[in-house]
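Data first, discussion second: the structure below is written as structure tokens.
In my numbering, the protein residues as written are 249 to 622.
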């Protein structure tokens with residue numbers, strides 16, 4: 249027969265504010281740190297939206313104090329990185345970020361999933377002390393272990409591609425990069441439309457990744473049909489950066505891109521046109537011809553007027569039947585999406601007719617147009 253503990257006189261068991269009692273010992277009610285963190289994180293968003301910077305600083309400090317779990321810490325770091333870009337709180341944000349990084353560095357990687365590690369690396373970009381932080385060093389040290397790596401054992405192909413992307417842009421240990429490249433080579437058949445462009449553009453930055461590149465390139469035809477416009481544009485960029493954008497690859501990507509034009513945003517067109525201008529400028533007229541129906545007559549008219557009124561652009565006008573077309577198309581794309589596009593233009597002739605198609609200066613970023621459309 250199970251015996252019951254005697255109920256203490258005057259004790260309100262249902263009152264959460266009262267201490268809990270068991271076997272005569274008192275235990276304080278545990279803090280709900282997760283809920284505190286979530287509520288404080290929402291407060292930060294509200295404060296920053298209202299523009300109350302001073303109040304935002306205090307709530308930021310509360311959010312950092314409430315973050316304890318790896319996921320909470322990575323989310324906090326991500327929010328601090330975004331705030332640093334948008335608000336003049338650099339000193340405050342940097343101090344708080346250092347506290348978060350220090351706390352992360354004392355947590356075993358066995359408690360940090362690969363996707364969380366990706367978020368941490370992404371959030372540390374732009375933070376002054378992040379590259380020398382213990383968590384970044386710990387990630388590098390773990391990747392060197394290869395088969396014994398905690399991160400590699402739990403990483404999906406997308407995680408591998410993202411880790412490679414974030415580490416390839418910084419002074420990472422070469423052995424860690426080799427481990428990532430080798431792991432990605434083995435998982436290449438598992439790449440999908442989301443992970444493929446990231447893997448491709450990341451490998452393009454690593455010269456000694458020939459075998460992994462071949463494995464990834466071998467999956468191109470399988471993933472293209474399921475890609476969005478943005479993913480196709482990024483894939484074209486990766487192929488162009490690798491120097492492997494041949495006629496077949498270019499046609500395959502452009503055909504797929506043009507088949508989903510209704511779902512493509514103007515910024516996707518801009519991104520693809522920029523890559524095409526660098527790799528295969530002879531394909532631009534056809535691409536622009538397909539883009540034209542997507543832009544209303546009013547927009548095209550205003551862009552044409554804008555281009556004609558701009559002395560820097562008017563003086564370097566293109567000649568031939570495509571005169572002004574590229575400038576006009578990109579003017580609308582930039583104007584409509586407020587993209588800070590740096591598209592350069594180069595002199596190209598049609599190899600079959602000798603007809604002059606477009607002019608582009610590959611040395612100078614094409615900033616004159618942006619000054620007129622922003």
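Each residue gets a CB set at the ideal place from its N, CA and C atoms; glycine is no exception.
All of these numbers come straight from a predicted model, not from anything done at the bench.
{"Check": "Quick check on this structure: which residue in 442, 482, 476 and 433 has the alpha carbon closest to the alpha carbon of residue 457?", "Outcome": "433"}
{"Check": "Suppose the cutoff is 7 Å on Cβ atoms and the five residues either side in sequence are ignored; what does the same chain contact list for residue 408 look like?", "Outcome": "428, 431, 432 and 435"}
{"Check": "Out of 478, 387 and 507, state which residue places its alpha-carbon closest to the alpha-carbon of residue 421.", "Outcome": "387"}
{"Check": "Ignoring anything shorter than 4 residues, give me the alpha helix (DSSP H) runs that lie fully in the segment 367-434, in order along the chain.", "Outcome": "382-392, 398-402, 405-416 and 422-434"}
{"Check": "Which whole-angstrom value is the C-beta distance of residue 198 and residue 464, which I expect to be below 8 Å?", "Outcome": "Given a span of 249 to 622 for the chain in the structure shown, any question on residue 198 remains unanswerable."}
{"Check": "Just the Cα atoms here: how many angstroms apart are residue 460 and residue 396?", "Outcome": "21 Å"}
{"Check": "Below 6 Å CB to CB, which residues in the same chain sit around residue 382 once its five sequence neighbours on both sides are set aside?", "Outcome": "353"}
{"Check": "Given residue 471, which residues of its chain have a CB within under 7 Å of its CB, disregarding the five upstream and five downstream residues?", "Outcome": "439, 440, 441 and 444"}
{"Check": "Just verifying my parser: in three-state terms, what is the DSSP assignment at residue 350?", "Outcome": "helix"}
{"Check": "Could you check which residue in 399, 290 and 286 has the C-alpha nearest to that of residue 365?", "Outcome": "399"}
{"Check": "Just to confirm, are residue 296 and residue 331 a CB contact at a threshold of 9 Å?", "Outcome": "yes"}
{"Check": "Using only the alpha-carbon positions, how far apart do residue 287 and residue 340 sit?", "Outcome": "21 Å"}
{"Check": "Could you tell me the alpha carbon to alpha carbon distance between residue 517 and residue 495, rounded to whole angstroms?", "Outcome": "19 Å"}
{"Check": "Would you call the CB atoms of residue 519 and residue 467 closer than 9 Å?", "Outcome": "no"}
{"Check": "I need the straight-line Cα distance from residue 527 to residue 493, nearest angstrom please.", "Outcome": "7 Å"}
{"Check": "Are the CB atoms of residue 345 and residue 377 nearer to each other than 9 Å?", "Outcome": "yes"}
{"Check": "Compare the Cα-Cα distances from residue 347 to each of 453, 367 and 322 and report the closest residue.", "Outcome": "322"}
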